[in-house]
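Going from the sequence shown to the working numbering is simple: count from 1 and add 16.
Even for Gly, the Cβ is constructed at its ideal location relative to N, Cα and C.
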Amino acid sequence: MERRSSGHGRDTGGPDTERAESVETAETAETAESVLSELYSAPPGEFVPRREERAAAARTAGRKEDARRIHAARRPTLAAWAANLLTRSRPEEARRFLELGQALREAHRTLDAAGLRELSAQRRRIVAALSRQAAELADGAGHRLSPAAQREVESTLRAVLADSGAADDWAAGRLAVSLVPPSEFPADSAPAAEPRGPAPRPKSSRRASAAGDELAERRGRRREELARARQQAERAERRLRDGQAAKAEAQVSLRRAEQRRDRARETVNSAAERLRTAHEELGRVEREHREAEERGRRAAEEVTAAEQESRTASRRVDRLASRVG
Numbered sequence: 017m018e019r020r021s022s023g024h025g026r027d028t029g030g031p032d033t034e035r036a037e038s039v040e041t042a043e044t045a046e047t048a049e050s051v052l053s054e055l056y057s058a059p060p061g062e063f064v065p066r067r068e069e070r071a072a073a074a075r076t077a078g079r080k081e082d083a084r085r086i087h088a089a090r091r092p093t094l095a096a097w098a099a100n101l102l103t104r105s106r107p108e109e110a111r112r113f114l115e116l117g118q119a120l121r122e123a124h125r126t127l128d129a130a131g132l133r134e135l136s137a138q139r140r141r142i143v144a145a146l147s148r149q150a151a152e153l154a155d156g157a158g159h160r161l162s163p164a165a166q167r168e169v170e171s172t173l174r175a176v177l178a179d180s181g182a183a184d185d186w187a188a189g190r191l192a193v194s195l196v197p198p199s200e201f202p203a204d205s206a207p208a209a210e211p212r213g214p215a216p217r218p219k220s221s222r223r224a225s226a227a228g229d230e231l232a233e234r235r236g237r238r239r240e241e242l243a244r245a246r247q248q249a250e251r252a253e254r255r256l257r258d259g260q261a262a263k264a265e266a267q268v269s270l271r272r273a274e275q276r277r278d279r280a281r282e283t284v285n286s287a288a289e290r291l292r293t294a295h296e297e298l299g300r301v302e303r304e305h306r307e308a309e310e311r312g313r314r315a316a317e318e319v320t321a322a323e324q325e326s327r328t329a330s331r332r333v334d335r336l337a338s339r340v341g
């Protein structure tokens, strides 16, 4: 039934308003999602400048939350970028790989030894094949993977098989760091087949088995703690590498700025030298102008004196001539 607003007050919003707000929110999220997808599909060297450009555009458009999400995106390591490239460039192989992981996790939960052996064999072959494909794709894009980076890709693929959350992260194609498989998931082998024949174990054997299970559980917890510590160490190392990369970029920018500053100083010094030379030339010309004016003044005085002397001489001549006549 349609909800009506009260006639005595302002409409606080109905289904249409709520749907409009939901659509607007979805459009905003889609905009941020599309930008993030674009960023994580770009080569690692272009990630930071593209991220800052897209975040600035979102801020200019008034989408502050989008700008915050975009700016918070972490630059992927080379291995993580190669894993993202794999799922984007080989979608069909990625789909089959995700299905294999789901089947392998189900077999592990149900302790289906036969299924685990078969799926584990597939896992080893497919992880090796996909890691080679990732290396080839990265090499084709101009980024050769080191052996360490290729091992990180293999670790990510094993984590995708072992953990549904890791599978979802990889399928999204936005990994910033490599993934590590959980320690409780078998790394290389399936459980051994159950022994044939009815061979019940004695009580002492069962007690030893219980003690062994407890020991195995303690070892499992220690392995988990070790795995978590390794993950933290890897994250710290990745942050260090990201910081070093950012520092290197900043140093390059600083060197370029210093070069531009030095060129500007040279231009200013050259202009100052030309200005000083022009001032000297102007002073020399002004002195010559003053000297020429002085010579002209003296010459004018001499002409005036000569004219007066000439007039005096002419009058004397006239007087003498009148006396003689």
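Helix, strand or coil at Gly-158 [DSSP, three-state]: Of the three classes helix, strand and coil, the one that applies to Gly-158 here is coil, per DSSP.
Minimum C-alpha distance to Ala-178 - residue among Arg-104, Ala-83 and Phe-113: Across the set Arg-104, Ala-83 and Phe-113, the C-alpha of Phe-113 shows the shortest separation from the C-alpha of Ala-178.
Presumed contact (8 angstroms Cβ cut-off) between Phe-63 and Arg-91, rounded CB distance: The Cβ separation is near 5 angstroms, so the contact holds.
Segment limits, alpha helix (DSSP H) that includes Pro-344: This structure does not reach residue 344, given that the chain is present from 17 up to 341, and the question cannot be answered.
8 angstroms Cβ cutoff met for Thr-103 and Val-193: No. Outside cutoff.
Beta-carbon proximity of Leu-191 to Ala-96, cut-off 8 angstroms: In terms of Cβ geometry, Leu-191 and Ala-96 form a close pair [threshold 8 angstroms].
Coil, strand or helix - Ser-194 by DSSP: The answer is coil: DSSP assigns Ser-194 none of H, G, I, E or B.
CA-to-CA distance, Leu-161 to Ala-151, given in whole angstroms: Roughly 6 angstroms separates the two Cα atoms.
Leu-121 - containing alpha helix (DSSP H), residue span: Note on residue identity: the sequence assigns Arg, not Leu, to residue 121. Element bounds for Arg-121: 107-126.
Spatial distance of Arg-276 from Thr-283 (CA atoms): Those two C-alpha atoms are separated by around 11 angstroms.
Nearest neighbour of Arg-140, chosen from Leu-120, Ala-187 and Arg-332 [CA to CA]: For Arg-140, the closest of Leu-120, Ala-187 and Arg-332 by C-alpha to C-alpha distance is Leu-120.
Selection from Leu-101, Arg-106 and Glu-115 that minimises the alpha carbon distance to Gly-158: Relative to Gly-158, the option among Leu-101, Arg-106 and Glu-115 whose CA is nearest is Leu-101.
For Glu-297 and Arg-257, the rounded distance between their alpha carbons: Arg-257 and Glu-297 have their alpha carbons spaced roughly 60 angstroms apart.
Residue burial classification, Thr-172 (beta-carbon count within 10 angstroms, cutoff 16): Under this definition Thr-172 is a buried residue.
Contact set for Ile-142: own chain, Cβ-Cβ below 7 angstroms, skip 5 residues either direction: Answer for Ile-142: Phe-113 and Leu-116, listed in chain order.
Element boundaries [alpha helix (DSSP H), containing Ala-89]: Per DSSP, Ala-89 is not a residue of any alpha helix (DSSP H), being assigned neither H nor E.
Per-residue burial, Gly-189 [other beta carbons within 10 Å of its own, 16 or more giving buried]: So Gly-189 ends up on the buried side.
Asp-82, DSSP secondary structure in three states: Looking at Asp-82 - three-state DSSP - the assignment turns out to be helix.
Endpoints, the alpha helix (DSSP H) within which Ser-1 is located: Because the chain here runs from 17 to 341, residue 1 falls outside it and cannot be looked at.
Length of the line joining the Cα atoms of Ala-48 and Ala-58: So the two alpha carbons sit approximately 16 angstroms from each other.
Through-space distance from Ala-287 to Glu-81, alpha-carbon basis: Spanning the two alpha carbons is a distance of roughly 49 angstroms.
Buried or exposed (CB count within 10 angstroms, at least 16 for buried), Ala-215: Below a pLDDT of 50, predicted positions are generally treated as unreliable, and Ala-215, at 38, falls in that range; the measurement from the model is reported next regardless. Counting Cβ neighbours within 10 Å, Ala-215 comes out exposed, since fewer than 16 surround it.
Residue closest to Arg-167, alpha-carbon to alpha-carbon, out of Arg-303, Val-196, Arg-254 and Glu-69: Closest by C-alpha distance to Arg-167, out of Arg-303, Val-196, Arg-254 and Glu-69, is Val-196.
Environment of Glu-170 [buried if 16+ CB atoms lie within 10 Å]: Buried, since its Cβ has 16 or more Cβ neighbours within 10 Å.
Three-state secondary structure assigned by DSSP to Ala-181: Looking at the sequence itself, residue 181 is Gly, so the reference to Ala does not match. Gly-181 falls in the helix class under three-state DSSP.
Neighbour-count burial assignment, Ser-50, 16 or more Cβ in a 10 Å radius: Flag for Ser-50 reads exposed.
Residues of its chain near Ala-74, where Cβ-Cβ distance is below 7 angstroms and the 5 sequence neighbours each way are ignored: Asp-82, Ala-83 and Ile-86, listed in sequence order.
Alpha-carbon to alpha-carbon, Leu-52 and Glu-68: C-alpha separation (whole angstroms): 12 angstroms.
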